[in-house]
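Residues 15 to 475 in this note's numbering are what the sequence shown spells out, letter by letter. Where a beta carbon is used, it is the ideal one built from N, C-alpha and C, also for glycine. Model, not experiment: these values are computed from the prediction. Let me begin by presenting the structure, written as structure tokens, before commenting on it.
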Amino acid sequence: MTSPAWLAVLAVGLVGPIYAIAMALVFRPRAPRRPDQRAPVTVVCLVPCLDEGLVVVQTVRSLVSLGPDVRVLVIDDASTDGTAEMVESLGHPRVFLYRRHAPNARTGKGDALNAGYGAVNAAVSAEGIDPQSVVVAVFDADSEVDGATLDAVKAWFSDPQIGAVQIAVRISNRFRSWLARMQDVEFAGYARIFQGGRNYIGSTGLGGNGQFTRLVALRELGAAPWSDCLTEDLDLGLRMGINGWRSVFDETVAVHQQGLHDGRRLLRQRTRWFQGHLQCWSSLPAIWRSGQRLRAKVDLTIHLLFPAAMLLISIPILAAAAAMFRSFALEPSASAAAMTAGPIVPWWYLAGFLATPLIATAYWRTEPEIGFWKGLVAAHAYGLFTWVWFFAGWRAVYRHALGRAGWAKTVRTQEAPADDSDEIGPGPMFGSKSNVVVFRDRESGYGESTPEDDDETRRIA
Numbered sequence: 015m016t017s018p019a020w021l022a023v024l025a026v027g028l029v030g031p032i033y034a035i036a037m038a039l040v041f042r043p044r045a046p047r048r049p050d051q052r053a054p055v056t057v058v059c060l061v062p063c064l065d066e067g068l069v070v071v072q073t074v075r076s077l078v079s080l081g082p083d084v085r086v087l088v089i090d091d092a093s094t095d096g097t098a099e100m101v102e103s104l105g106h107p108r109v110f111l112y113r114r115h116a117p118n119a120r121t122g123k124g125d126a127l128n129a130g131y132g133a134v135n136a137a138v139s140a141e142g143i144d145p146q147s148v149v150v151a152v153f154d155a156d157s158e159v160d161g162a163t164l165d166a167v168k169a170w171f172s173d174p175q176i177g178a179v180q181i182a183v184r185i186s187n188r189f190r191s192w193l194a195r196m197q198d199v200e201f202a203g204y205a206r207i208f209q210g211g212r213n214y215i216g217s218t219g220l221g222g223n224g225q226f227t228r229l230v231a232l233r234e235l236g237a238a239p240w241s242d243c244l245t246e247d248l249d250l251g252l253r254m255g256i257n258g259w260r261s262v263f264d265e266t267v268a269v270h271q272q273g274l275h276d277g278r279r280l281l282r283q284r285t286r287w288f289q290g291h292l293q294c295w296s297s298l299p300a301i302w303r304s305g306q307r308l309r310a311k312v313d314l315t316i317h318l319l320f321p322a323a324m325l326l327i328s329i330p331i332l333a334a335a336a337a338m339f340r341s342f343a344l345e346p347s348a349s350a351a352a353m354t355a356g357p358i359v360p361w362w363y364l365a366g367f368l369a370t371p372l373i374a375t376a377y378w379r380t381e382p383e384i385g386f387w388k389g390l391v392a393a394h395a396y397g398l399f400t401w402v403w404f405f406a407g408w409r410a411v412y413r414h415a416l417g418r419a420g421w422a423k424t425v426r427t428q429e430a431p432a433d434d435s436d437e438i439g440p441g442p443m444f445g446s447k448s449n450v451v452v453f454r455d456r457e458s459g460y461g462e463s464t465p466e467d468d469d470e471t472r473r474i475a
């Protein structure tokens, strides 16, 4: 167990924790420009929905409460649970409904976002809005957003070089189960360290929830900026960086989403994320041809390739675990003595938990009421939780080899009852006198449409 070969495996296993430490060392909370320098910005929030009736009303109310500069476009992807009717019943003047119908519907999250994006472009053209003043945001249907989000995001966009802002993600039901808590540690601890470091490096990534992107930056990617990649958010951020836009991470505000309580659903979700990483490998040549800084290119390459490298390392680790259990079964006392002798125990601990104090500190800063020591326990538990990636990774490789790339919907639960206090009122998307309420689907570009089209956008009135 202490042979040079095994020590080499353990040394490679230390790369991940050491990389996390390096990210923490370069972590610099970046401050946006002063609020009084902000340019006028209207934010259109896209909310793709497939049978999200349990949660969508609360999400819409959270988004419209951000302020009068926010529009919410709910994209109903042929739901059968009354999602569209629930949104339509709100009757809010800044809430719009895009209903997709077969054969266009249920073709992936990216495709649904592109449909909504086409409607936004049509409204911008029809109402004579300056596209430079429009930001498109993406939120999951189970989202609740911090009240200061809009001010924080607008301040960032006063810098014309910034094309996208990603806000922090928290798990709203983290108190209900160990799995949900581990997902919160992942987003508020581990991911915060890496995203903060990437702010300095210049390689900040976009997530599928809480991303804000300039409309003009999306237009550079064509009529369908979101691809059919299983991690369409990661893919979008990579292609924006290739085009020369900067993305930033704002840790001061967050979107709160539901975590998963079921292990099978968690495995399915992580399998999709891992496979999406594999699909994004095709962007590597373009990344290295782009004008991004060398350090950003290196970090993006590591980010895309390292999960697969760790997957290969899992083979000898699992083989060692199997040999250890077999040895214990045959000679328990001798095996125990061998495992506790020499440097093997410290090596294994370092490989698995070297970054634990950093994660604990980051999580404690985000969740101060938990305390540092409970945060340290949670960070150690997270080290064990990360093994789900090995199982998800091999499952993703298998699916990728077979060409399977379906969109597995995440099942929601109702966390709180919806409030029915908002008033009803009509209005165009950007407040002009235009009465255009229906637009062509993605195949029709940015033009206007008539009610006979298969897909439609309605003003809620």
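Query: Cross-strand partners of L60 (DSSP beta bridge); Result: L87, V152
Query: Buried or exposed by the 16-neighbour rule on C-beta atoms within 10 Å, applied to R303; Result: exposed
Query: Integer-rounded CB distance, given that D156 should sit under 8 angstroms from Q272; Result: 5 angstroms
Query: Entirely enclosed beta strand (DSSP E) segments - the region 292-320, minimum 3 residues; Result: none
Query: Burial state of D144 (16 or more Cβ within 10 Å); Result: exposed
Query: Candidates T285, G142, L308, of which the one nearest P442 by Cα; Result: G142
Query: Start-to-end residues for the alpha helix (DSSP H) that takes in G389; Result: 386-399
Query: Cα-Cα separation, G277 to D198; Result: 15 angstroms
Query: First through last residue of the beta strand (DSSP E) which encompasses S261; Result: 260-271
Query: Limits of the unbroken beta strand (DSSP E) element including R113; Result: 109-113
Query: Alpha carbon of N223 to alpha carbon of V262, nearest angstrom; Result: 14 angstroms
Query: Meets three-Cβ-pair contact criterion under 8 angstroms: the region 158-167 and the region 242-252; Result: no
Query: C-alpha gap between L248 and T218, whole angstroms; Result: 10 angstroms
Query: Nearest-angstrom Cα separation, counted from I176 out to D50; Result: Per-residue confidence for D50 stands at a pLDDT of 45, beneath the threshold of 50, marking its modelled position as unreliable; the derived number appears in the next sentence. The alpha-carbon atoms of D50 and I176 are separated by roughly 17 angstroms.
Query: Reduced DSSP category for V55 - H, G, I as helix; E, B as strand; rest coil; Result: coil
Query: Contact check, L252 vs H414, beta carbons under 7 angstroms; Result: no
Query: Test: N118 CB closer than 7 angstroms to a CB of chain B; Result: The structure shown contains no chain B, having only a single protein chain.
Query: Simplified DSSP state of Q159, which is helix, strand or coil; Result: A small fix is needed here, since residue 159 is Val in this sequence, not Gln. It is a strand residue.
Query: Where E437 sits in the DSSP three-state scheme; Result: The predicted model places E437 with a pLDDT of 29, which falls under 50 and marks its position as unreliable, so this point remains unresolved.
Query: Alpha helix (DSSP H) segment containing R233, residue limits; Result: 229-233
Query: Backbone CA spacing between A336 and P330 [nearest angstrom]; Result: 10 angstroms
Query: Same chain, Cβ closer than 7 angstroms to G290, five either side skipped, listed in chain order; Result: C243, L244, T245, L248
Query: Cβ-based burial, L326 [other Cβ within 10 Å; buried from 16]; Result: exposed
Query: Nonlocal neighbours in the same chain, by C-beta distance under 7 angstroms from T97, ignoring five residues either side; Result: C63, D65, E66, G67, V70, D90
Query: Span of the alpha helix (DSSP H) around R184; Result: No alpha helix (DSSP H) contains R184, which is instead part of the beta strand (DSSP E) from 176-185.
Query: A151 classed as buried or exposed, judged by whether at least 16 other C-beta atoms fall within 10 angstroms; Result: buried
Query: Contact set for F399: own chain, Cβ-Cβ below 6 angstroms, skip 5 residues either direction; Result: M196
Query: Beta-carbon contacts of I185 that lie in its chain and below 6 angstroms, excluding the five residues immediately before and after; Result: A194, Q197, D198, G273
Query: Euclidean distance between Cα positions of G203 and T380; Result: 8 angstroms
Query: Best match in G124, W192, G130 for proximity to C59 [C-alpha to C-alpha]; Result: G130
Query: CB-CB length for R206 against A182, believed under 8 angstroms; Result: 7 angstroms
Query: Rounded C-alpha distance that separates A483 from L280; Result: It is not possible to answer for residue 483, since the shown part of the chain is limited to 15 through 475.
Query: Strand pairing of Q225, partner residues [DSSP]; Result: V152, Q180
Query: Inter-residue CB distance, A238 and N128 (contact presumed, cutoff 8 angstroms); Result: 4 angstroms
Query: Short Cβ contact (7 angstroms threshold) for V149 with V57; Result: yes
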